[in-house]
Amino acid sequence: MPLQSKQVALIAAGVAVTAGVGYLVYFDHKRRNDPNFRKQLKKERKKIAKKEKVEKEQADKGVKDLVEHVIRLADQETFPSSPEEKEKYFMAQVAKGETFCTQGPSSYEDAVLPFYLALKVYPAPLELIMIYQKTVPEPVFQILVTIMAKEQNNRVNTFYEQFPGSETGLTLGEIPVDTNAEGKTIVRRGLVAEKDFDEGDVLFTEAPLVSALFPSLEGVYCHHCLKLVDENDKTGCEDCDFVVFCSKDCQEQSTGYHKYICSKNKATTKKDDTTTSGEPEDQDAAADTTDSKVVAFKDYAREHQRMYPLMIAEFLSAMVSEEKERTKNGEADNNKTFTSWDHVDRFRYLDIQATETTNTEIELIKAFLDPKVQGVSDFLSDQIYLMLKGKLLYNAYAIETAESPLDVPISEEHARATSSGKNSVGAGLYKLATYLGQAGDNNANTKVIFENNNHQLTVIATKTIAKGDEIKTTYTLPVLTAAGTVETKTEGEQQKPSEEKQDVAAHQQEQVAEKQDTVQQQDQTEETHHSIEHVEVEEENHDIPQHHEQQPFETQELEE
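Structure, rendered in structure tokens:
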């Protein structure tokens, strides 16, 4: 009787299984009992492992060469300057990259450059990376992430090569301070002598990135340099009566930021709106130009004796002016020049939490800046504001110029108090002095003074400093209490700022990975908006807002 096809298939399958099991038994017997067979297996495994290693090294080298090639070509590219031109350029590069991708894996490497060039002109690079993660082939995406990390690492290295500059005789060295849970060394950046200094030598003098008076001292001290104003030789703002200046020069230097935070509450007299007596025809019309939101902000600062909201508003305003000047001079897309934000972003900071007070401060700033600075509401997230305030609390110096005690309300805001014996009139944030190490009176080798009785800070050697020594001075640092308030402590008592990550490239990749995880949890069709994020670090926050290549917000021209 002929076998059915089903029976034949079952028999064949049974024979195959039996043969397979038999071979496995034979293979296991040989492996256990035949030394030569074991040696041959070991050789084969080594041969396969070596081949895989060589292939991986070749692949890694290929990726490394491609990354360096793309960065080199991007550095040679001339990018458009106007928003309209950037948009056209962006669309053209994305279209070019997509065309290469449709041609298959053999053209993936060609797609990397146009996608990366598009990234360079996009105002929110990390947001675009998330879009790439969902739309471009995985091999292309991974290379783009590697390029971002490599470029960021290059930028960080360039920063420390250029700053503070060989002419200062100082460098920013890596100083070990602790180890983390994994046993890795935590370092902080500190000023280290590149040459010998004698006692009495001036190491450096610098003006602050931003400074501010105690609000109750406005009108008595210069709004810009914080010097006591001579009543017979002072200059006022043409548009507001909140501030005065010690000179015309200070008034002009303040224009870059003050025009954004001027209350414009002076009753201006226009020729067409006056009576024959020269008075405004309608007194109420003079108030129409007043920025009531600025007035509300300054009233709040004065009532609560808060400098730091004012300093943050001034700093954001100064950033706008700085970026406009960089664009005017053709430096906006120069990856080798560094902005004020580049400096501030690398400062250590106190990790403070949001409160009703900080929420109020944020809303007050947004209320008057948003109509003048496009995008500031999106940029000034709670996280960014708390980070900026934490940097001021940790790094700002008390500007101690008053010989006699001042009749001003006590401020809750910490500023580094030195042993000058003078009284503070305000605070300033400094590029170099921020990196001075903290020491007690016996261990300090410098002192901080304000010899011109303004916000200009000078550091003088108090003893011989040898090449390689860290530059230290005496000052206080803040500590967060369990209740979330800030207390002042001296050397050895301060709270450590947030821990620093040392591997910059890995740090950048971690950030992108975090964002990828976020994307994967979202609906693929959902449109997402991602605010700028900062990883808490001891010193260097390398997730720089909008990667520094584009300013995080654009400016609208103000009426002169």
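For the record, in the sequence shown the residue sitting at position 76 is 76 according to UniProt numbering, with numbers rising by one throughout. No residue lacks a Cβ here, since even glycine has one placed at the ideal position from N, Cα and C.
ARG306 carries a coil assignment under DSSP once its states are collapsed to helix, strand and coil.
Per DSSP, the continuous beta strand (DSSP E) segment holding LYS447 begins and ends at 446-449. Assignment of GLU400 by DSSP, reduced to helix, strand and coil, places it in the strand class.
Straight-line measurement puts the Cα of LEU388 at about 9 angstroms from the Cα of TYR308. Three or more Cβ pairs drawn from the stretch 393-400 and the stretch 414-434 lie within less than 8 angstroms of each other, which places the two stretches in contact. Around the beta carbon of GLN76, fewer than 16 other beta carbons lie within 10 angstroms, which makes this residue exposed.
Positions of the alpha helix (DSSP H) runs, each at least 4 residues long and wholly inside the stretch 105-189, are given as 108-121, 125-135 and 138-162 in order along the chain. The continuous stretches of beta strand (DSSP E) do not include ILE352, and DSSP gives it neither H nor E. In this chain, GLY375 is not harboured by any alpha helix (DSSP H), its DSSP state being neither H nor E. If you compare the alpha carbons of LEU213, LEU144 and ALA296 with that of ARG306, the shortest gap goes to LEU213. Under the three-state reduction of DSSP output, LYS463 falls in the coil class, being neither helix nor strand.
ASN452 counts as exposed, since fewer than 16 other beta carbons sit within 10 angstroms of its beta carbon. Note that the C-beta distance between PRO164 and LEU432 is below 8 angstroms. Residue state for ARG346 is assigned as coil, using DSSP reduced to three classes.
Under the three-state reduction of DSSP output, ALA433 falls in the helix class. With contacts defined as CB atoms closer than 8 angstroms, ALA74 and TYR116 qualify as a contacting pair. For THR205, the enclosing beta strand (DSSP E) begins and ends at 202-206. Boundaries of the beta strand (DSSP E) around LEU480: 477-480. Close CB contacts of ALA313 within its chain, under the 7 angstroms cut and outside five residues either way in sequence, are with ILE261, ILE365 and LEU369 (chain order). Secondary structure of VAL210 (DSSP, three-state): strand. Each of ILE48, LYS64, GLU356 and VAL202 was checked against the Cα of PHE450, and the nearest Cα belongs to VAL202. Between the stretch 89-99 and the stretch 112-129, the count of Cβ pairs shorter than 8 angstroms is three or higher; the stretches touch. About 10 angstroms separates the beta carbons of LEU457 and LEU429, which is beyond the 8 angstroms limit, so they are not a contact pair.
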